Amino acid sequence: MKKQQQSDRQRRTRLLIQAGGILQKSGLLDAFLIAPGDDLQDHENFEKASRLLGFLSACFENNEFNEENLEAWQSLGSRLLRYF
């Protein structure tokens, strides 16, 4: 059981690191003035974290997850991933 929990934690950690890399490549971290080394759990960075989360939540709420949008986002994302 302990081995399974460790494996699950490692997979989750890897996913979170990859998601952070995607946020960096998207330009959102720069747009919200989030610099490498900023601890988004620190009180001094609460506004930065709040703005980014609010932006992402608004994008999530204001878009339809239909096939047309998913294909358009995939096309854009593929170009960005190749560029970086």
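To convert a position in the sequence shown, counted from 1, into our numbering, add 311. All C-beta atoms in this analysis are idealised placements derived from N, C-alpha and C, irrespective of residue type, glycine included. None of these values were measured; they are calculated from a predicted model.
I need the straight-line Cα distance from residue i to residue j, nearest angstrom please.
i, j, result
"LEU351", "ASN377", "32 angstroms"
"LEU363", "ASN374", "17 angstroms"
"PHE343", "GLN316", "34 angstroms"
"SER361", "GLU379", "30 angstroms"
"SER389", "GLY365", "25 angstroms"
"LYS314", "GLY332", "27 angstroms"
So residue i and residue j are in contact, right, with Cβ under 8 angstroms, and what is the actual spacing, rounded?
i, j, result
"LEU391", "LYS336", "6 angstroms"
"GLU334", "LEU340", "The sequence shown places Leu at residue 334, rather than the Glu named in the question. Right, their Cβ atoms sit about 6 angstroms apart."
Nearest by alpha-carbon distance to residue i: which of the options is it?
i, options, result
"LEU367", "LYS314, LYS313, ALA330", "ALA330"
Subject >> Continuous alpha helix (DSSP H) assignments of at least 4 residues falling wholly in the segment 352 to 391 >> reply: You should have 357 to 372.
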